[in-house]
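Beneath this line is the structure, given in structure tokens, with notes to follow.
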Amino acid sequence: MDYLTYKHQRNTRRQVRLAYGKGDVKPTLTMTSHPGNNPDGKPIKLDQIGISHISFTVADVKSLASELVAKGVALAGPMDGFVNAQGDVSSIFVFDPDGILVQFDSGSGG
Amino acid sequence: MDASGISHIAFCVRDLDKSLGFYRDILGMQVVFDQVQDTTTGGLPHVYQHSRKTRRTVHLQFAGSSTNPKLVVTSHPNEDPDGDPIKLDQIGISHYSFSVPDTKALMSELAGKGIPLAAAPDVWTGSDGNVSSFYVYDPDGILVQFDGGSA
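Respectively, the protein sequence lines represent chains H and S. Heads up: the first sequence begins at 1 in the numbering used here, then just goes up one per residue. Heads up: the second sequence begins at 1001 in the numbering used here, then just goes up one per residue.
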């Protein structure tokens, strides 16, 4: 059971809560880090047991991809690698600064 | 960037039917999508650790919460699973949390149904007798939190 919901003994954590919009918007993204402690673990891919990613719905996936690439964000694969069976790009994946996968979709799910 | 919100939170499981026994039958989520999909297009090979032939994908939602993100659950039938869920202090996405009206009653209910709590009930119970949040393990050992809405 380690330390209940923790793998290691940690004394403090910094917690940041993010949301779109103002007021009581759910869900929030809660990010934590453990200042002064060694980090452990690495993010997973979609076919590994656990929570692999979250996805944001955006109006225009392709233009967002270009915008993110221009800002130095790493796509998880080449742009043409995200073409679906219908010949469209309806979702892309990028890596966050820790290598956690983040998806952007056009609202059609998946 | 303008986003209209979080559309889904995705996780992979060993046995989808076992997971449905928890998320659908015990937590009461509704299955709004259940399909076996091709995994060779749409960029999936770039975000997979292993080469997989197909995946079963189930979308779950609470009734009347169509604006909330779906839970997207996948498994890879007849292929070997890989990996283990993480704890809160490991890099990655450790858990999600559901807001419920009565955390204390739900904790008793889930424990009564044999769902493993991540720690004994008294660990989650404050000196005032209230439970502001608690964690359980899903069938794959993925941490699931329940909060009273303030967490």
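Just so you know, even glycine gets a beta-carbon here, dropped at the ideal spot from N, CA and C. No experiment lies behind these values; they were computed from the predicted model shown.
Which first and last residues belong to the beta strand (DSSP E) in which residue i is found?
i               : result
M1107 (chain S) : Here M1107 (chain S) belongs to no beta strand (DSSP E); instead the alpha helix (DSSP H) covers T1103 to G1112.
D1034 (chain S) : Q1030 to D1038
V1013 (chain S) : Element bounds for V1013 (chain S): n/a, residue is neither H nor E.
V1154 (chain S) : What the structure shows of chain S is the stretch from 1001 to 1151, and residue 1154 (chain S) is not part of that stretch, so it cannot be assessed.
Would you identify the three-state DSSP class for residue i, choosing helix, strand or coil?
i               : result
S1065 (chain S) : coil
M1 (chain H)    : Note on M1 (chain H): pLDDT 44, under 50, position unreliable in the model; the coordinate value appears next. Three-state DSSP puts M1 (chain H) in coil, outside helix and strand.
V1131 (chain S) : strand
G110 (chain H)  : With a pLDDT of 47 at G110 (chain H), under the threshold of 50, the modelled position of this residue cannot be trusted; read the value that follows with caution. In the structure shown, G110 (chain H) sits in coil (DSSP, three-state: anything other than H, G, I, E or B).
H34 (chain H)   : coil
L75 (chain H)   : strand
P1139 (chain S) : coil
L1044 (chain S) : helix
V83 (chain H)   : coil
V94 (chain H)   : strand
S1004 (chain S) : strand
L1027 (chain S) : coil
D1082 (chain S) : strand
Going by alpha carbons, who is nearest to residue i out of the options?
i               : options                               : result
V25 (chain H)   : S:S1099, S:A1118, S:N1078 and S:G1114 : S:S1099
N84 (chain H)   : S:T1103, S:T1039, S:H1095 and S:Q1090 : S:T1039
D1017 (chain S) : S:D1138, S:Q1145, S:G1149 and S:L1143 : S:D1138
K1070 (chain S) : S:F1146, S:H1008 and S:I1142          : S:H1008
A65 (chain H)   : H:I49, H:Q9, H:L46 and H:V94          : H:V94
L117 (chain H)  : H:K22, H:F104 and H:H8                : Shown here, chain H extends from 1 to 110; a query on residue 117 (chain H) therefore has no answer.
G77 (chain H)   : S:T1057, S:I1093 and S:Y1048          : S:Y1048
D20 (chain H)   : H:N37, H:D88, H:P39 and H:T30         : First, the residue type needs correcting, since residue 20 (chain H) is Tyr and not Asp in the sequence shown. Comparing Cα positions, the closest option is H:T30.
Assuming residue i is part of the alpha helix (DSSP H), what are its boundary residues?
i               : result
T41 (chain H)   : Here residue 41 (chain H) is Gly; the residue named in the question, Thr, does not match the sequence. Here G41 (chain H) belongs to no alpha helix (DSSP H), and DSSP marks it neither H nor E.
L68 (chain H)   : V61 to A70
L1016 (chain S) : L1016 to Y1023
V16 (chain H)   : First-last for V16 (chain H): R14 to L18, but that is the beta strand (DSSP E), not the alpha helix (DSSP H).
V1144 (chain S) : First-last for V1144 (chain S): L1143 to D1147, but that is the beta strand (DSSP E), not the alpha helix (DSSP H).
V25 (chain H)   : Looking at the DSSP string, V25 (chain H) is not in any alpha helix (DSSP H), and its letter there is neither H nor E.
V1123 (chain S) : P1121 to W1124
Mind reading off the beta-carbon distance from residue i to residue j? Whole number of angstroms is fine, and I expect it under 8 Å.
i               : j               : result
Q1030 (chain S) : L1060 (chain S) : 7 Å
I1006 (chain S) : F56 (chain H)   : 6 Å
G81 (chain H)   : H1050 (chain S) : Their Cβ separation, rounded to whole angstroms, is 17 Å, which puts G81 (chain H) and H1050 (chain S) out of contact at 8 Å.
R1024 (chain S) : Q1037 (chain S) : R1024 (chain S) to Q1037 (chain S), Cβ: 19 Å. No contact.
S1094 (chain S) : L1088 (chain S) : 5 Å
Does residue i get closer than 8 Å to chain B when you measure Cβ to Cβ?
i             : result
G77 (chain H) : Although the question refers to chain B, the structure presented lacks it and instead comprises the protein chains H and S.
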